[in-house]
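Visitor: The listed protein sequences correspond, in order, to chains G and P. First residue of the first sequence? That's 1 in our numbering, and the numbers climb one at a time after it. First residue of the second sequence? That's 1001 in our numbering, and the numbers climb one at a time after it. One structure follows; several queries about it will come next.
Protein chains: 2
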Amino acid sequence: MRQAGRYLPEYRAMRERFDFLDLCKNPNAAAEVTLQPIDRLGVDAAILFADILLIVEPLGVGLEFARGEGPVIHRPVRAEDAVARLKPIDVESAVPFVFETVRIVRRALQDRVPLIGFAGAPFTVASYLVEGGPSRDYLHTKRLMYEEPAAWRRLMEILADALARYLNGQIEAGAQAVQLFDSWVGVLSPDDYRAFVLPHTHAVIRALTPGVPVIHFGTGTAALLPAMREAGGDVIGLDWRVDLDTAWATVGHDVAVQGNLDPAALLAPLAVMREKAKAILARAGGRPGHIFNLGHGVLPQTPAFHVKALVDLVHELSSR
Amino acid sequence: MRQAGRYLPEYRAMRERFDFLDLCKNPNAAAEVTLQPIDRLGVDAAILFADILLIVEPLGVGLEFARGEGPVIHRPVRAEDAVARLKPIDVESAVPFVFETVRIVRRALQDRVPLIGFAGAPFTVASYLVEGGPSRDYLHTKRLMYEEPAAWRRLMEILADALARYLNGQIEAGAQAVQLFDSWVGVLSPDDYRAFVLPHTHAVIRALTPGVPVIHFGTGTAALLPAMREAGGDVIGLDWRVDLDTAWATVGHDVAVQGNLDPAALLAPLAVMREKAKAILARAGGRPGHIFNLGHGVLPQTPAFHVKALVDLVHELSSR
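This is the structure:
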């Protein structure tokens, strides 16, 4: 999960100086934000600071990060003609600042910990483009799938192609693993996932530079896990709404799993948080291939010292 | 699922004449709204028109239905002292209008179709009381669970007791089956469900008048289904995010299942909707104990004639 965020005072200080988009586009600042949690938390990897929508800015849909409201797409893509009007994404000229951020972070880390790059998965990126912002029911997205399946396929193909090149660019710049976030895919039925999403996520993963571990993550995916595993990934990310042991058996012990503490547990008294973290480690059973993580991002209300306490606890219990 | 709603012109006409709460509290009007879908759609059962929060109005938390915004609780219950201040719920004097609605509907139906009563499950009702309205992360609810487990337990006991009496009152007035809606329980990890919810839902179901079928429903419950089954119910309601056959095998073929078409499918072209409905019936495999239904409520944007077409299709395919 992204480690930088509003729960960190040093991140909030950076946001006083930079708008969100300016922060993402300033490689030195983005690198600083990427590195902030490493020293404070003692985590085992750095996660690139960026936004999953940066790569779609060249499409010409009017992307804006409205203060406090998250991303807004002023010209949402809801029909065949809107898909046809999308401008091509030239990855190198679209996101040079991301690749530069990766290079700066790698130099600064000096191999202390590895750097994980990331991108949104095609469905989640498409859902922002179609809805125009956050959504509850994803009705515009489902409508496009059901009413204009050819336009949907074309949109997903455009995104899958750009996202694979984007991740390969991060890898070339120095990212040592990549994570594909399909954060909102849990709104779909398993049949819809297989028909409308799986082939495109698979196309991204298949096109990635061989030898670089791929983490494939979504939320609300309890019943989608077998299909997500089929789509690909060396590691399947689990949200907190599954039992880790059951989910791991479902995806197969020949892939690794990442997860899966409820981010809300970090707001609980430390003793409660510890019990919950221990329960997850117990479910993992010391089996190699479990990456301890939250089941989704750190909530803004989280006390930073709770995150540090969690990292310390996991290190302590894992070293036994 | 509730059949009355904004997608029906005759319901919208009633809402021109009545505020939501007034409509719920006027037995003749609520009965009319309950009956509206029966003739129009040809469904196999009537669902009582009511709201899951009516029963908690006597607690003195300042319940209001703000226009277009759903329920608002002006004095949310977020700590032990707030739980201690809750006024007792005298079910008979709190919701006489609901029981009267049941009686009117039963007389009007003259056994054409059975009438299903309903209530919110303790967790979902508690989540409204604690959050004060709809929520994204249910952080206040989880905080109360984690920080003040005794206060949480007391709140759930108060609700479980009132909800059981409320459902038994509906049964006494004539409801022939009851549904327990745990709509938002899918935000919990399976461990939290077992620790903080299961005993209380079980207490409600255990206290119900024997011999009346109980439908136990939630959304986002793919990984909670075995525990929900343990909590009770003759029928387990499935949302659209699981494969019906897999989910049925998970809960066991000795209970019935209800579901599980994505409500968004009713906005799709009719041919697409038909294929999706057929796929669900195919997964049910003609096995007795499948109640065809949506995976959640009808969306306001749904064309009413699509709902009618779905009912007709299911009747046609089921009679073969």
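Note that the Cβ used here is the ideal one computed from N, Cα and C, for glycine as well.
Ala-223(G) touches chain P at which residues, Cβ-Cβ below 9 angstroms?
Guide: Numbered from 1 along the first sequence, position 223 holds the residue referred to as residue 223(G). By Cβ distance, chain P contributes Ala-1222, Ala-1223, Arg-1241, Val-1242, Asp-1243, Thr-1246, Ala-1247.
Visitor: Could you check the C-alpha separation between Ile-89(G) and Met-156(G) for me, to the nearest Å?
Guide: Numbered from 1 along the first sequence, position 89 holds the residue referred to as residue 89(G). Numbered from 1 along the first sequence, position 156 holds the residue referred to as residue 156(G). Straight-line Cα distance between these residues: approximately 13 angstroms.
Visitor: Take the Cβ of Asn-28(G) as the centre, count every other Cβ of all protein chains shown within 10 Å, and call the residue buried at 16 or more, exposed below.
Guide: Counting from one through the first sequence, the residue named residue 28(G) turns up at place 28. Label assigned to Asn-28(G): exposed.
Visitor: Run the CB neighbour count on Gln-1110(P), radius 10 Å, all protein chains shown included, and call it buried at 16 or more, exposed below.
Guide: Numbered from its first residue, the second sequence carries residue 1110(P) at position 110. A residue is called buried when at least 16 other Cβ atoms come within 10 angstroms of its Cβ; Gln-1110(P) does not meet this threshold and is exposed.
Visitor: Give a yes or no on whether the C-beta atoms belonging to Thr-34(G) and Phe-20(G) are separated by under 8 angstroms.
Guide: By 1-based counting over the first sequence, the position of residue 34(G) is 34. By 1-based counting over the first sequence, the position of residue 20(G) is 20. No, these two residues do not count as a Cβ contact at 8 angstroms.
Visitor: Could you please tell me which residues of the region 1179 to 1198 of chain P, in chain order, have their CB closer than 8 angstroms to any CB of chain G?
Guide: Gly-1186, Val-1187, Leu-1188, Ser-1189, Pro-1190, Asp-1191, Asp-1192
Visitor: Measure the alpha-carbon distance for Arg-106(G) versus Leu-115(G) and round it to whole angstroms.
Guide: Locating residue 106(G) in the first sequence gives position 106, where the first residue counts as 1. Locating residue 115(G) in the first sequence gives position 115, where the first residue counts as 1. Looking at the two C-alpha atoms, the distance is approximately 7 angstroms.
Visitor: When you compare each of Leu-41(G), Ala-4(G), Leu-54(G), Thr-250(G) to Arg-32(G) by their alpha carbons, which one comes out closest?
Guide: Residue numbering aside, residue 32(G) sits at position 32 when the first sequence is read from its first letter. The identity of residue 32(G) in the sequence shown is Glu, whereas the question assumes Arg. Cα-wise, what sits closest to Glu-32(G) is Ala-4(G).
Visitor: Which residues, taken in chain order from the region 1268 to 1279 of chain P, show a beta carbon closer than 7 angstroms to some beta carbon of chain G?
Guide: Ala-1268, Pro-1269, Val-1272, Ala-1279
Visitor: Let me confirm a value: Ala-1282(P) is counted as buried when at least 16 other C-beta atoms fall within 10 Å, else exposed. Which label applies?
Guide: What you label residue 1282(P) is simply residue 282 of the second sequence in a count that begins at 1. Counting Cβ neighbours within 10 Å, Ala-1282(P) comes out exposed, since fewer than 16 surround it.
Visitor: Under a three-way DSSP split, which group does Ala-182(G) fall into?
Guide: Indexing the first sequence from 1 puts residue 182(G) at position 182. Inspection of the sequence shows that residue 182(G) is occupied by Asp rather than by Ala. Reduced to three states, the DSSP call for Asp-182(G) is strand.
Visitor: To the nearest angstrom, how far is the alpha carbon of Arg-85(G) from that of Ala-121(G)?
Guide: To locate residue 85(G), count along the first sequence from 1; it is residue 85. To locate residue 121(G), count along the first sequence from 1; it is residue 121. Going by the C-alpha atoms only, they are around 22 angstroms apart.
Visitor: Would you kindly work out how many angstroms separate the C-alpha atoms of Asp-1262(P) and Trp-1240(P), rounded to a whole number?
Guide: Numbered from 1 along the second sequence, position 262 holds the residue referred to as residue 1262(P). Numbered from 1 along the second sequence, position 240 holds the residue referred to as residue 1240(P). Approximately 5 angstroms, taken between the alpha carbons.
Visitor: With a CB to CB cut of under 8 angstroms and the five nearest residues on each side skipped, what residues in its chain are close to Asp-1234(P)?
Guide: To locate residue 1234(P), count along the second sequence from 1; it is residue 234. Answer for Asp-1234(P): Pro-1213, Val-1214, Ile-1215, Val-1255, Ala-1256, listed in chain order.
Visitor: Just to confirm, are Phe-118(G) and Gln-179(G) a CB contact at a threshold of 8 angstroms?
Guide: By one-based count along the first sequence, residue 118(G) stands at place 118. By one-based count along the first sequence, residue 179(G) stands at place 179. It is a contact, given that the beta carbons lie within the stated cut-off.
Visitor: Please report the Cβ distance between Gly-1174(P) and Arg-1075(P), rounded to the nearest whole angstrom; I am assuming they are in contact, meaning their Cβ atoms lie under 8 angstroms.
Guide: Here the question's residue 1174(P) lines up with position 174 in the second sequence. Here the question's residue 1075(P) lines up with position 75 in the second sequence. Going by Cβ atoms, the distance from Gly-1174(P) to Arg-1075(P) rounds to 34 angstroms, so no, they are not a contact pair.
Visitor: Assign Phe-305(G) to one of two classes, buried (16 or more other C-beta atoms within 10 Å of its C-beta) or exposed (fewer than that).
Guide: The residue you call residue 305(G) lines up with position 305 of the first sequence. Looking at its Cβ environment, which holds fewer than 16 other Cβ atoms inside 10 Å, Phe-305(G) is exposed.
Visitor: Rounded to a whole number of angstroms, what is the C-alpha to C-alpha distance between Gly-132(G) and Leu-59(G)?
Guide: The residue labelled residue 132(G) in the question sits at position 132 within the first sequence. The residue labelled residue 59(G) in the question sits at position 59 within the first sequence. Distance between the alpha carbons of Gly-132(G) and Leu-59(G) is about 13 angstroms.
Visitor: Tell me the rounded alpha-carbon separation between Leu-53(G) and Phe-97(G).
Guide: Counting from 1 along the first sequence, the entry for residue 53(G) is found at position 53. Counting from 1 along the first sequence, the entry for residue 97(G) is found at position 97. Rounded to whole angstroms, Leu-53(G) to Phe-97(G) spans 14 angstroms at the Cα level.
Visitor: What are the partner residues of Ile-1047(P), as DSSP defines its beta bridges?
Guide: The residue given as residue 1047(P) occupies position 47 in the second sequence. Secondary-structure assignment with DSSP links Ile-1047(P) through a beta bridge to Ile-1116(P).
Visitor: Report the residue from Ala-1264(P), Ala-1203(P), Ser-1318(P), Ala-1271(P) whose alpha carbon sits nearest the alpha carbon of Gln-1301(P).
Guide: Taking the second sequence and counting its residues from 1, the one referred to as residue 1301(P) is at position 301. Among Ala-1264(P), Ala-1203(P), Ser-1318(P), Ala-1271(P), the Cα nearest to that of Gln-1301(P) is on Ala-1264(P).
Visitor: Considering Ile-280(G), what are the terminal residues of the alpha helix (DSSP H) in which it resides?
Guide: Translated into positions along the first sequence, residue 280(G) becomes position 280. Residues 270 to 284.
Visitor: For Lys-142(G), decide whether its Cβ has a neighbour in chain P, counting only Cβ atoms nearer than 8 angstroms.
Guide: Walking along the first sequence from the start, residue 142(G) turns up at place 142. Chain P contact via Cβ: present.
Visitor: Taking only beta-carbon positions, decide if Leu-1313(P) is within less than 8 angstroms of chain G.
Guide: Walking along the second sequence from the start, residue 1313(P) turns up at place 313. Taking Cβ atoms only, chain G never reaches closer than 8 angstroms to Leu-1313(P), which makes this a no.
Visitor: My assumption, with CB atoms under 8 angstroms, is that Val-125(G) sits in contact with Leu-163(G). Please give the rounded CB distance.
Guide: The residue labelled residue 125(G) in the question sits at position 125 within the first sequence. The residue labelled residue 163(G) in the question sits at position 163 within the first sequence. At roughly 7 angstroms, the Cβ-Cβ gap stays under 8 angstroms, so Val-125(G) and Leu-163(G) are in contact.
Visitor: Where in the region 1122 to 1194 of chain P do unbroken runs of the alpha helix (DSSP H), each at least 4 residues long, occur, reported from the N-terminal end onward?
Guide: 1122 to 1131, 1139 to 1147, 1149 to 1173
Visitor: Using C-beta distances below 8 angstroms, list every residue in its chain close to Asp-192(G), excluding the 5 sequence neighbours before and after it, in chain order.
Guide: Looking up residue 192(G) in the first sequence gives position 192. Hits under 8 angstroms: Lys-142, Met-145.
Visitor: Would you say Ala-160(G) lies against chain P (beta-carbon separation less than 8 angstroms)?
Guide: Translated into the one-based positions of the first sequence, residue 160(G) becomes position 160. Not closer than 8 angstroms to any Cβ of chain P, the Cβ of Ala-160(G) fails to qualify, so no.
Visitor: Based on the DSSP secondary-structure assignment, which residues constitute the bridge partners of Phe-99(G)?
Guide: Indexing the first sequence from 1 puts residue 99(G) at position 99. The partner list for Phe-99(G) (beta bridge, DSSP) is empty, contrary to what the question assumes.
Visitor: Whose C-beta lies closer than 7 angstroms to the C-beta of Asp-1051(P) among residues of the same chain, with five residues either side of it excluded?
Guide: Sequence index remark: in the second sequence, residue 1051(P) carries index 51 (1-based). Cys-1024, listed in sequence order.
Visitor: Is it the case that the Cβ atoms of Thr-250(G) and Leu-225(G) are separated by a distance below 8 angstroms?
Guide: Residue numbering aside, residue 250(G) sits at position 250 when the first sequence is read from its first letter. Residue numbering aside, residue 225(G) sits at position 225 when the first sequence is read from its first letter. Yes.
Visitor: Going by the CB atoms, is the gap between Val-1113(P) and Ile-1055(P) shorter than 8 angstroms?
Guide: Counted from its first residue, the second sequence places residue 1055(P) at position 55. Counted from its first residue, the second sequence places residue 1113(P) at position 113. The answer is no: Cβ separation not under 8 angstroms.
Visitor: For Ser-183(G), does the count of other Cβ atoms within 10 angstroms reach 16, so buried, or fall short, so exposed?
Guide: By 1-based counting over the first sequence, the position of residue 183(G) is 183. Looking at its Cβ environment, which holds 16 or more other Cβ atoms inside 10 Å, Ser-183(G) is buried.
Visitor: Within a Cβ cutoff of 8 angstroms, which residues of the same chain sit near Pro-1303(P), ignoring the five residues on either side of it in sequence?
Guide: As a first step, residue 1303(P) must be located in the second sequence, where it is residue number 303. Hits under 8 angstroms: Tyr-1007, Leu-1266, Leu-1267.
Visitor: Would you please state the rounded distance, in angstroms, between the beta carbons of Leu-1310(P) and Ala-1277(P)? I believe it to be under 8 angstroms.
Guide: Looking up residue 1310(P) in the second sequence gives position 310. Looking up residue 1277(P) in the second sequence gives position 277. Right, their Cβ atoms sit about 6 angstroms apart.
Visitor: Nearest by alpha-carbon distance to Asp-243(G): which of Asp-1243(P), Ser-1189(P), Met-1273(P), Gln-1176(P) is it?
Guide: Locating residue 243(G) in the first sequence gives position 243, counting from the first residue. Among Asp-1243(P), Ser-1189(P), Met-1273(P), Gln-1176(P), the Cα nearest to that of Asp-243(G) is on Ser-1189(P).
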